[in-house]
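Protein chains in written order, with the working numbering: chain Y, 3 to 139; chain C, 3 to 139. Glycine included, each C-beta is placed from N, C-alpha and C at the ideal position. Working notes, beginning with the structure itself.
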DNA sequence: CTCATATATGAACAGCTCTTCAAGTGACAG
DNA sequence: CTGTCACTTGAAGAGCTGTTCATATATGAG
């Protein structure tokens, strides 16, 4: 329907949309992961996007810790830690081992471990993340 | 000060906290990145945690696109795209090239590119991210 | 049994985020 | 100049998120 590489009008989701490079748009749409996969991936990033939750996960990189030690390491209340762990547990990112009245948590998701490793590899190397510096050029 | 590997009381930030394994806690605290680095990293994850923003960045993996094509690819209004790009630009994750009245955006941060590549490598491979499945055992 | 300890949960509230709508800017055509 | 086009911006509101405080559950000690 459209094989021009200049302005054209695409019909997407039953809606006419003006595009500049129709072929590129079609190709990129082709490569785009399924909507639910995008949402799942965004969810994972969202779980890593809170500093306190991130600290918890970083603390667990070396092995399991109990709730009160996690609270001590990350400087949060035990209640806050418990809420955060509940969320992470619901997404199978951490798992708990129970021993008496203690609960020992460990990092369970290898995919998340890789993301954390990669992210930590770059901490400090990136000066460029200071927000509100206005646009470019 | 504390070399027991059983219950003890640590003084952290001028506050007494009960811990189970004082040595582990001290060691993990030692390895924890600086607070500002944790916050910066969490910020980056936060920028990747919105499905629409994530779609924009995925679309840009193959090369630059103009705003209206990004809107077509990701199924958002041009206004929403522009707002999202503004945020990403402020964090130096994307950059713009201007040509006439068009603005062509590209993915500028190689670190973010790596995170995206790693995350996409695993899309679909992970069934385990469905929320609200209750805790374990 | 009763009590203290370790963790979990619920409710509620403040603060943030994302979308939308309306209006603004700058480039190009005529 | 005037109008249109591509993009940007501001303001406002709905909805989501993370914290806190109070209370609940469960284990182990005595």
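| message | Let's see if you can read the secondary structure: which residues bound the alpha helix (DSSP H) around residue 94 (chain Y)? | response | Residue 94 (chain Y) -> no alpha helix (DSSP H), and no H or E assigned at all.
| said: Quick check on residue 101 (chain C): does DSSP put it in helix, strand or coil? | reply: strand
| message | So, under 8 Å CB-CB, residue 118 (chain C) and residue 72 (chain C) are touching, yes? Tell me the CB distance rounded to an integer number of Å. | response | Contact flag wrong, Cβ pair sits at about 15 Å.
| Top-ranked residue by Cα proximity to residue 114 (chain C), from C:83, C:105 and C:91 | C:91
| task | Reducing DSSP to helix, strand and coil, say where residue 63 (chain C) ends up. | result | For residue 63 (chain C), the secondary structure class from DSSP, reduced to helix, strand or coil, is coil.
| task | Compare the C-beta of residue 85 (chain Y) against all C-beta atoms of chain C and say whether one is closer than 8 Å. | result | no
| said: Taking a contact to mean a Cβ-Cβ separation below 8 Å, would you say residue 34 (chain C) touches residue 60 (chain Y) in this structure? | reply: Yes, the Cβ-Cβ distance between residue 34 (chain C) and residue 60 (chain Y) is below 8 Å.
| Where residue 126 (chain Y) falls, given that 16 or more other Cβ within 10 Å makes a residue buried | exposed
| query | Which word fits residue 57 (chain C), buried or exposed, when buried means at least 16 other C-beta atoms lie within 10 angstroms of its C-beta? | reply | buried
| query | Between the stretch 38 to 60 of chain C and chain Y, which residues of the former have CB atoms less than 7 Å from a CB of the latter, in chain order? | reply | 39, 40, 41, 42, 43, 44, 45, 46, 47, 48, 50, 51, 52, 53, 56, 57 and 60
| message | If I follow the unbroken alpha helix (DSSP H) through residue 124 (chain Y), where does it start and stop? | response | It is not in any alpha helix (DSSP H) - residue 124 (chain Y) carries neither H nor E in the DSSP assignment.
| So, is the C-beta of residue 90 (chain Y) closer than 8 Å to a C-beta in chain C? | no
| query | Which bits of chain C does residue 121 (chain Y) rub up against, with CB to CB less than 9 Å? | reply | Within 9 Å Cβ-Cβ: 43, 46, 47, 113 and 117.
| query | Using the beta-carbon count (16 or more within 10 Å), is residue 74 (chain C) buried or exposed? | reply | Looking at its Cβ environment, which holds 16 or more other Cβ atoms inside 10 Å, residue 74 (chain C) is buried.
| message | With a threshold of 8 Å, are at least 3 pairs of Cβ atoms found where one atom belongs to the stretch 45 to 52 of chain Y and the other to the stretch 42 to 57 of chain C? | response | yes
| What whole-angstrom Cβ distance do residue 110 (chain Y) and residue 97 (chain Y) have, given they're in contact under 8 Å? | 4 Å
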